[in-house]
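Sequences listed follow chains H and E, in order. Converting from the first sequence to the numbering used here requires adding 423 to each position, the first position being numbered 1. Converting from the second sequence to the numbering used here requires adding 13 to each position, the first position being numbered 1. Think of the CB as a built atom: it goes at the ideal place given N, C-alpha and C, for glycine as much as any other residue. Since the model is a prediction, treat every value here as computed from it, not as a measurement. First comes the structure, then the notes that go with it.
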Amino acid sequence: SQQGEEDPQALSIQEGENATMNCSYKTSINNLQWYRQNSGRGLVHLILIRSNEREKHSGRLRVTLDTSKKSSSLLITASRAADTASYFCATDAGGNNRLAFGKGNQVVVIP
Amino acid sequence: KAGVTQTPRYLIKTRGQQVTLSCSPISGHRSVSWYQQTPGQGLQFLFEYFSETQRNKGNFPGRFSGRQFSNSRSEMNVSTLELGDSALYLCASSLLDHGYTFGSGTRLTVV
């Protein structure tokens, strides 16, 4: 089964800086989603990008998708301490109604 | 509107016992999925229900089972608990292709 993989695994940045994390997957997808998780709590849906889209914005978030390289990136601009969390990408391919998650990126924003 | 509600939040069980976890989806969401999160394996798909029918099942032993009721509420059951079943169990509900809304999870500890 396909699996998202994020790179890098851990990122520590100063407040106000941008944070970028990447995700790769192995098979064709219908869409790719990014989620945030704070301290082992539930996942919060951030953004969904469809396979026919190349870029999507939501507030301070920018997601890109390159289906030819089977990769996606999540950019958080002007980071805040509240952005400290783990970020996961997940793919939902072939209408299987199941998400395959990557291992996650730990982002720490230092005030 | 209310989010996805999972009960209980925390649970401690002894090896060999069984456990039932509950999930109430967002009103109007008919799809309910379950995921297991552990430090070693990450987020793994357990199963997905739609209109009281299991549509998808992940690669978990038969000790893991679930069901969905006519009001879309779902339960998952784990029988003959093992230490390795200690995990955060997350439930998610969705409308088609709109991303998933996760509950806060049930933290299960098996001792």
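Using a Cβ-Cβ distance cut-off of 8 Å, the stretch 445 to 456 of chain H and the stretch 93 to 100 of chain E are not in contact, since fewer than three pairs of beta carbons, one from each stretch, lie closer than that value. Of all residues in the stretch 445 to 464 of chain H, those with a C-beta nearer than 8 Å to a C-beta of chain E are ASN453, ASN454, GLN456, TYR458, GLY463, ARG464, reading in chain order. Interface flag for H/HIS480 against chain E is unset, since no Cβ pair is found closer than 8 Å.
The shortest CA-to-CA distance from H/SER495 to any of H/THR507, H/ARG521, H/ARG503, H/CYS512 is the one to H/CYS512.
Distance between E/GLY116 and H/VAL531, taken at the CA atoms: about 23 Å.
Judged by DSSP in its simplified three-state form, E/LEU109 adopts coil rather than helix or strand. Secondary structure note for H/SER435: its beta strand (DSSP E) is the uninterrupted segment 433 to 437. Burial is judged here by how many other beta carbons sit within 10 angstroms of a residue's own beta carbon; E/GLU61 has at least 16 and is buried. Against chain H, the beta carbon of E/TYR113 has neighbours under 9 Å at GLN456, TYR458, LEU466, HIS468, ALA513, ASP515, LEU522, listed in chain order.
Within 9 Å of the CB of H/LEU434, no CB atom of chain E is found; the nearest one sits about 18 Å away.
About 23 Å separates the beta carbons of H/THR500 and H/ASN454, which is beyond the 8 Å limit, so they are not a contact pair. The stretch 79 to 90 of chain E makes contact with the stretch 36 to 48 of chain E, as at least three CB pairs between them are under 8 Å. Counting only the Cα atoms, E/MET89 lies some 22 Å from H/ASP515.
Residue pairing for H/ILE533: DSSP places it in a beta bridge opposite H/GLN437.
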